[in-house]
Amino acid sequence: MPSLNGLRFISIFWILLGHTYYMKSVSSNINNIVVKHFDQSLSMMLIMNGTLTTDTFFLLSGILLAYVFMRDRQKKQPFNLATFYIHRYLRLTPPYAFVIFFYATLLSRLGSGPLWDTWAGANRDYCVANWWTNLLYINNYINLDQMCLNQTWYLAVDMQLFWLSPLLLYPLARWPRFGKGLLAFVIFLSIIIPFAITFAERLTAVMLYNKDLLPVAAVYSFIYTKTYARAGPYLIGIALGYLLHVLRNKHISIPMVWVALGWLVSLCSCTAVVLSAAVFYDDNHKYNAFESSIYAGLHRSAWTLGVAWIAFACTKGYGGPVNAFLSWRLFVPLSRLTYSAYLCHYVVLLYNAGSIRAPGYLSEYTVVHEFAGNLMFTLVLAAVISLAFEVPFMNLDRIVIKRQPRDATPTAKGVSIVPAAGNAVQPSGFHSNTIHQDNREGAPSVYVISEKTSLPVVQLKSYENKAFDGGR
């Protein structure tokens, strides 16, 4: 599924743009009053509502996890729960631990400025005090206001959903009818829970950045960082991964009118979700608890369903130019850096914010200009971290948790699967929620899902929940 490479990189691109604007807007500027006008601009909702990108990562994680789990169960391969968990932990943690160590020891020594201790020093202290919550992947519940690497709430949620996933995946594989009913029920719950919490606590529909901090903190604490309120996109991903497995060797013929309708609904759904947040940023809009609750309960699942159609259509041969773009070969190496980029991009942002010596100027141009530099430096740092920590430990993981090579297995017409040159690897959210990758030597890749995809022979891949696997 090469289109996932494009979805993954575009998501990290969007995350970095949003974080660049946020850090710029809360820094010292001679025209900070312009922030109020930006917040109420319809076009700025692309940035202000950019938190939806983490839902794309959750979707991608669920797709790959469910697809590979169902494949292995169909082949009667033994399932070891301890190995399932340990492999995932070893896949995500080494580069994560290095970045935590870097924050706690080195970052604060690399620069200076009037605001340096406010930004770099504070984050150092948070990591010194709370590093253990990150390595246990419980930092979204403990000492939330002093989180080390505050973007890594996503990793905690993703890991916790991974821990719970066998409760859904095993019934789907063993008792499909019961499993599908159970999955539908928990997806329904994932919509009801944020609705109910928002209504009961009278929260705003989304985090209204750069407005009153108390409502923002309340949404962040009750909804944004909590597994029970963010599970919907992951569960939808599991449902789509299961569907793709069921249809893996089947050519489905969809009338073009339905294909066009699917794309139209997907486009309208995603656009409406992004832009409709402008209503809640409007200073003249009167708060309505029911309205906010409806949006809080539905908007992430609505966005995810729109993106899920893109993934499904591209996989089954109905992606057209969208699939051609998302499957662009340049996205393959870039997508491999998304996890490390997610971990390290705040290093660049904190350095910028802490080292300024004079107030800046906030405008669309200065944000884009700074973003371009941030993107370049982030990708360079991500490449270093990936090569130094992610890839070596991935290879070590293959040795520690040995997997037997498999014989070539026929799949869809004209496509075959060959055994990996070593042991299969396990995906991870930020990293690689892909279903297809180029067959470069030493690089893991996921086997073919789409019967319409003509790609070189690829290697087998195991449970590696790679979406952004990482988030925001």
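The numbering used here puts the sequence shown at residues 5 to 476. Ideal Cβ positions, reconstructed from N, Cα and C, are used throughout, including at glycine.
Ser367 and Ile90 have their C-alpha atoms roughly 46 Å apart.
DSSP, reduced to helix, strand and coil, places Gly241 within a helical segment of the structure shown. Shortest Cα-Cα distance from His303 to any of Cys272, Trp332, Thr87 involves Cys272. Closest in alpha carbon position to Val384, among Asp162, Val352, Tyr228, Thr202, is Val352. Remark: C-beta atoms of Ile16 and Ala345 approach each other more closely than 8 Å. Ile240 and Leu94 do not touch by the CB rule: their CB atoms are close to 27 Å apart, not below 8 Å. For Ile196, the enclosing alpha helix (DSSP H) starts and ends at 180-205. One thing to note: Val223 has its Cβ no nearer than 8 Å to the Cβ of Tyr213. For secondary structure counted as the alpha helix (DSSP H) over 4 or more consecutive residues, the region 105-170 holds these complete runs in sequence order: 126-139, 157-168.
Note on geometry: alpha-carbon atoms of Trp332 and Asp287 lie some 42 Å from one another. Between Leu248 and Tyr71 a beta carbon distance of about 6 Å is seen, short of the 8 Å cut, so the two are scored as contacting.
With respect to the C-alpha of Asp43, the residue from Lys80, Asp401, Gly22 having the closest C-alpha is Gly22. Distance from the CA of Val336 to the CA of Leu330, rounded to the nearest whole angstrom, comes to 10 Å.
Bounds of the alpha helix (DSSP H) holding Tyr285 are 282-285. Bounds of the alpha helix (DSSP H) holding Ile14 are 7-30. Taking the Cβ atoms as the reference, Lys28 lies roughly 6 Å from Glu374, within the contact range of under 8 Å. When DSSP reads this structure, Asn33 sits in a beta bridge with Gly364. Contact between Gly66 and Tyr238 holds, with the beta-carbon distance rounding to 4 Å and staying under 8 Å. Ranked by Cα distance from Thr97, the options Arg402, Val404, Phe397 are led by Phe397. Under a 10 Å Cβ-count criterion, His349 is classified as buried, with 16 or more other Cβ atoms of the shown protein chains found around its own Cβ. Rounded to whole angstroms, Asn33 and Ile360 show a C-alpha spacing of 10 Å. Per DSSP, Met48 lies in no alpha helix (DSSP H) segment and is marked neither H nor E. In the structure shown, the three-state DSSP call for Pro82 is coil. Across the structure, Leu265 and Trp18 are spaced so that their CA atoms are roughly 27 Å apart. An exposed status is given to Tyr232, since fewer than 16 other beta-carbon atoms sit within 10 Å of its beta-carbon. Residue Leu279 holds the alpha-carbon nearest to the alpha-carbon of Leu50 among Trp120, Lys40, Arg128, Leu279. By a beta-carbon distance limit of 8 Å, Val161 contacts Arg234. Their separation comes to about 5 Å. Here Glu205 has Ala222, Phe226 as same chain residues with Cβ atoms under 8 Å from its own Cβ, once five neighbours each way along the sequence are excluded.
Annotation: the continuous alpha helix (DSSP H) that includes Gly266 extends over 260-279. A Cβ-Cβ distance of about 14 Å is found for the pair Leu11 and Gly245, leaving them out of contact under the 8 Å criterion.
Note on Leu334: under 16 other CB atoms within 10 angstroms of its CB, so exposed under the neighbour-count rule.
Less than 8 Å separates the beta-carbon of Tyr322 from that of Val263.
When the Cα atoms are used, Ala108 and Val269 turn out to be separated by approximately 46 Å.
Sequence-distant Cβ neighbours of Asn9 in its own chain, meaning closer than 6 Å and more than five residues away, are Phe335, Val336, Ser339, Thr438. The beta carbon of Leu46 is closer than 7 Å to those of Leu279, Ala282 in its chain, skipping five residues each way along the sequence. For Asn288, there is no enclosing alpha helix (DSSP H), since its DSSP letter is neither H nor E.
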